[in-house]
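Quick note: the sequence shown, position 72, residue 74 per the working numbering, numbers continuous.
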Amino acid sequence: MQYLRLYQGALPTSEIYAEWETFAKERNCGALCVFTGIVRQEESKEIESTEFIVSALSFDVYEPLLRKWFESWQAKATQMGALLLMAHSVGDVARTQSSYMCAVISRQRRAALALYEDFIEDFKANAPIWKYDVIEGKRVFAMSRSTPIEGSGVLG
Numbered sequence: 003m004q005y006l007r008l009y010q011g012a013l014p015t016s017e018i019y020a021e022w023e024t025f026a027k028e029r030n031c032g033a034l035c036v037f038t039g040i041v042r043q044e045e046s047k048e049i050e051s052t053e054f055i056v057s058a059l060s061f062d063v064y065e066p067l068l069r070k071w072f073e074s075w076q077a078k079a080t081q082m083g084a085l086l087l088m089a090h091s092v093g094d095v096a097r098t099q100s101s102y103m104c105a106v107i108s109r110q111r112r113a114a115l116a117l118y119e120d121f122i123e124d125f126k127a128n129a130p131i132w133k134y135d136v137i138e139g140k141r142v143f144a145m146s147r148s149t150p151i152e153g154s155g156v157l158g
């Protein structure tokens, strides 16, 4: 099983969950903590003077850096007796569809719960994934909802 997977477009959440649940059961794990991010309706603040409804979000991913970031978290999880799984979208994801899923599995809940929130929050702040609002068919960088990645040089 690939612990980190990228999908073109929206995630097939039911399939991913079923696969992760089976994976946890096969390893005799008692804890499977899953987080799913759903694209919600928002008004873009990226275009001055007028508010526009965002029809979708669009994502660019720098895969080598994402894999490095994920592997560092996987090493932390392993030390705690847990395992991380993650799926993310590349490209457009319409409102009400999912673009992000992660799971922490462990034999007992304590390790999974200890990692869960920190991993998700660090993902939001440091994963090399760039988000765009899709407004009237065009991608507009979501600057107001972005954070600089540490060590990103002139872009940081």
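Note that beta-carbon positions come from the ideal geometry of N, C-alpha and C, so glycine has one too.
CB of residue i within 9 Å of CB of residue j, strictly
i: A89; j: L34; result: no
i: S60; j: E138; result: no
i: E68; j: A127; result: Per the sequence shown, residue 68 should be read as Leu rather than Glu. Against a cut-off of 9 Å, the Cβ pair of A127 and L68 comes out as no contact.
i: A77; j: A114; result: no
i: S108; j: G32; result: yes
i: V92; j: V136; result: no
For residue i, three-class secondary structure by DSSP
i: Q4; result: coil
i: M81; result: Per the sequence shown, the amino acid found at residue 81 is Gln instead of Met. Q81 falls in the helix class under three-state DSSP.
i: V99; result: Just to set this straight, residue 99 is Gln in the shown sequence, not Val. If DSSP states are grouped into helix, strand and coil, Q99 belongs with coil.
i: Y64; result: coil
i: Q76; result: helix
i: A127; result: helix
i: S16; result: helix
i: A144; result: coil
Cβ neighbour criterion (16 or more within 10 Å) applied to residue i
i: G39; result: buried
i: M3; result: exposed
i: D120; result: exposed
i: I55; result: exposed
Rounded Cβ spacing between residue i and residue j (contact assumed at less than 8 Å)
i: L8; j: E73; result: Contact doesn't hold; Cβ gap of about 15 Å is too wide.
i: V36; j: W22; result: 7 Å
i: I122; j: C104; result: 6 Å
i: M82; j: A116; result: 6 Å
i: W75; j: L87; result: W75 to L87, Cβ: 11 Å. No contact.
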